Amino acid sequence: MTGQLQMPMVDDDSVRKAAASAANVAYSIPDISNQEKSELKQRIREQLKAQNAVLVAHYYVDADIQELAEETGGYVSDSLDMARFGHEHSASTLVVAGVRFMGETAKILNPEKRIIMPDLDAECSLDMNCPVDEFSAFCDAHPDYTVVVYANTSAAVKARADWMVTSGIAVDVITHLVERGEKIIWAPDRHLGGYIKKLSGADILLWQGSCIVHDEFRAQELIALKQQHPEAAVLVHPESPAAVVELADVVSSTTGLIKAAGEMDNPSFIVATDNGIFYKMAQAAPGKKFIEAPSGGEGATCQSCAHCPWMAMNNLRNLAEVLESGENEIHVDPDIQAKAVKPIQRLLGFSEQQKNNS
Ligand code: 13P
Ligand code: SF4
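When you read off a place in the sequence shown, starting at 1, and then add 1, the result is the number in our numbering.
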């Protein structure tokens, strides 16, 4: 059976309301003065050192946090590499600046380490749109399908999966499974799933989740923007709608898009992903111009406006506070951890093997 999944879903409105509320929290934080910024950074540096802690940040968080992670021997990357770095690093505490599933993935891979996050309410619409009970029932109804889930899921959903993947490696894993003759359940992002299905020709059942940031990029407005900037290359994350993906010069994961910006000759780039990525893109391609792809239609009706409201909940203040208070520790039920680690380790093994073969 090939097709699109019909299923009960958390209604999109409740996810959008949660996002709007997160956006209010994130954007109501007043601008931090330069003096406060340097005081906060100093407090964070001292705490990291005193607690044998390392700061691991996602590309989408505030540029000041990314800078601090690099300066203090931490790491800035995509969700897979953040988990890998945290796993290999000797620190006993990982401070994860990102969204909740990233903290959970770190805990699943490192149950012996302390994982803390600036704000435990930093969610992800993909994770919220894939409740474990509904997802498990769906998997149970299709026992002959291999279950592949995106990293952007809860620990409990990962525990129900055969494989976990990230956008950087999803096509390779699915192609590998197709070669083995396997049929696939993919969750939760429908756009990324559709993109993989098209490239791999796999027999895939798609869960119908979406990312509130990427889902808002608009093809018609992108065509108009391309006409205004004919010199610009268009870089698109595959969580974007298919019509936007079709207009791309490069479709890739966050890490892949940064690499493309560094390698291409174009003087400017139109970028369809969270604008937090511009910090790393500017490092990879100094002097080049980065333009946000249009979202939510003309008339500025976008809700996310190319920035994830949950990623924006990470700031220097709550980062300093969480280090000083020791609050916001991530815990994962040990039974769930024991199951959820398997699909993640399967992915890490696959990616290691790929490296060795290349
Ligand atoms: P990465 O897996 O590339 O880090 O992306 C995570 C994400 O949330 C994309 O929106
Ligand atoms: Fe989730 Fe989208 Fe935010 Fe990434 S950008 S964390 S997929 S809501």
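We put the beta carbon where it would ideally sit given N, CA and C, even for glycine. On a predicted model such as this, the values are computed, not experimentally measured, just so you know.
Please confirm whether residue i and residue j have their CB atoms less than 9 Å apart.
| i | j | result |
| --- | --- | --- |
| Arg263 | Ala286 | The identity of residue 263 in the sequence shown is Gly, whereas the question assumes Arg. Yes. |
| Tyr280 | Glu72 | no |
| Ala84 | Trp311 | no |
| Leu121 | Ile337 | no |
| Asn315 | Asp32 | no |
| Lys227 | Ile271 | yes |
| Ile278 | Tyr28 | no |
| Gly210 | Leu127 | yes |
| Ala273 | Val333 | no |
| Ala188 | Trp164 | no |
| Glu322 | Pro119 | yes |
| Ala123 | Gly99 | yes |
| Asn276 | His308 | yes |
| Asp190 | Tyr151 | yes |
| Val133 | Arg161 | yes |
| Ala294 | Ser359 | no |
In terms of alpha-carbon separation, which member of the options lies closest to residue i?
| i | options | result |
| --- | --- | --- |
| Lys290 | Ala243, Asp266, Ala24, Ala313 | Asp266 |
| His90 | Ile205, Ala58, Ala54, Glu105 | Ala54 |
| Lys343 | Val149, Asp145, Ala243 | Val149 |
| Ile345 | Ala225, Asp204, Ala171, Asn315 | Ala171 |
| Tyr284 | Gly104, Ala225, Leu258 | The amino acid at residue 284 is misidentified as Tyr; the sequence shows Gln. It is Leu258 whose Cα lies nearest to the Cα of Gln284. |
| Gln221 | Cys309, Leu41, Gly297 | Gly297 |
| Ala24 | Tyr76, Gly74, Cys125 | Cys125 |
| Asp13 | Ala51, Met129, Tyr146, Ser155 | Met129 |
| Ser39 | Lys260, Gly104, Arg318 | Arg318 |
| Ile66 | Val26, Lys42, Val166 | Lys42 |
| Ala142 | Leu349, Ala156, Leu206, Asn329 | Leu206 |
| Pro335 | Glu328, Ala51, Glu105 | Glu105 |
| Ile116 | Ser15, Gln52, Thr154 | Gln52 |
| Val166 | Ile224, Arg347, Lys356 | Arg347 |
| Cys131 | Val16, Glu180, Ile45, Leu223 | Val16 |
| Lys199 | Cys306, Leu223, Asp173, Ala261 | Asp173 |
| Ile30 | Ala313, Gly350, Ser352 | Ala313 |
| Gly327 | Val158, Ala261, Ser254, Ile45 | Ile45 |
| Glu232 | Pro268, Gly288, Lys50 | Pro268 |
Using a Cβ-Cβ cut-off of 7 Å (strictly less than) and excluding sequence neighbours within five positions of residue i, which residues of its own chain qualify?
| i | result |
| --- | --- |
| Pro239 | Ser168, His192, Leu193, Tyr196, Val246, Val252 |
| Gly74 | Val55 |
| Val179 | Ser201, Gly202, Ala203 |
| Ala261 | Leu236, Val251, Ser253 |
Where does the unbroken alpha helix (DSSP H) through residue i begin, and where does it stop?
| i | result |
| --- | --- |
| Thr176 | 171-180 |
| Met282 | 279-285 |
| Thr256 | 255-264 |
| Val1 | This structure does not reach residue 1, given that the chain is present from 2 up to 359, and the question cannot be answered. |
| Ile271 | It is not in any alpha helix (DSSP H) - Ile271 instead sits in the beta strand (DSSP E) that spans 269-273. |
| Ile197 | 191-201 |
| Ile186 | Premise fails: Ile186 lies in the beta strand (DSSP E), 184-188, not in any alpha helix (DSSP H). |
Could you please give the first and the last residue of the uninterrupted beta strand (DSSP E) stretch that includes residue i?
| i | result |
| --- | --- |
| Glu293 | 290-293 |
| Val237 | 233-237 |
| Ser78 | 76-78 |
| Met314 | Unbroken run through Met314: none, as it is neither H nor E. |
| Val133 | Unbroken run through Val133 is the alpha helix (DSSP H), 133-142; no beta strand (DSSP E). |
| Leu206 | 205-207 |
| Arg115 | 115-117 |
| Leu95 | 94-98 |
| Thr147 | 146-151 |
| Val245 | Unbroken run through Val245 is the alpha helix (DSSP H), 243-246; no beta strand (DSSP E). |
Considering only residues of the same chain and omitting the five flanking positions on each side of residue i, which have a CB-CB separation below 6 Å?
| i | result |
| --- | --- |
| Ile175 | Ile197, Ser201, Ala203 |
| Gln7 | Bear in mind that a pLDDT of 44 at Gln7, under 50, signals an unreliable position, so the number given afterwards is only what the model happens to contain. Within the same chain, Gln7 has no close Cβ partners at all. |
| Gln354 | none |
| Thr256 | Asp79, Gly169 |
| Asn329 | Ile117, Met118, Leu121, Val323 |
| Ala107 | Ala84, Gly87, Leu95, Val97, Ile116 |
Quick one: what's got a C-beta closer than 8 Å to residue i's C-beta in the same chain, skipping five residues either side?
| i | result |
| --- | --- |
| Ala70 | Leu56, Val57, Ala58, Tyr76, Val77, Ala98 |
| Gln48 | Ala54, Ala321, Leu324, Glu325 |
| Ile224 | Leu248 |
| Ser305 | Ala20, Ala24, Ile213, Val214, Glu217, Ser296, Gly297 |
| Asn357 | none |
Using a beta-carbon distance below 9 Å, is residue i in contact with chain D?
| i | result |
| --- | --- |
| Gln346 | Absent from the structure: chain D. Only one protein chain is present. |
Under the criterion of a Cβ to heavy atom distance below 8 Å, does residue i qualify as lining ligand 4?
| i | result |
| --- | --- |
| Val150 | For the structure depicted, ligand 4 is absent and the ligand set comprises only ligand 1 and ligand 2. |
Answer yes if the stretch 136-154 comes into contact with the stretch 110-124, meaning at least three C-beta pairs across the two stretches below 8 Å, and no otherwise.
-> no
Is the stretch 170-186 close to the stretch 214-226, with three or more CB pairs under 8 Å?
-> no
So does the stretch 47-64 actually touch the stretch 78-97, counting three or more Cβ pairs closer than 8 Å?
-> yes
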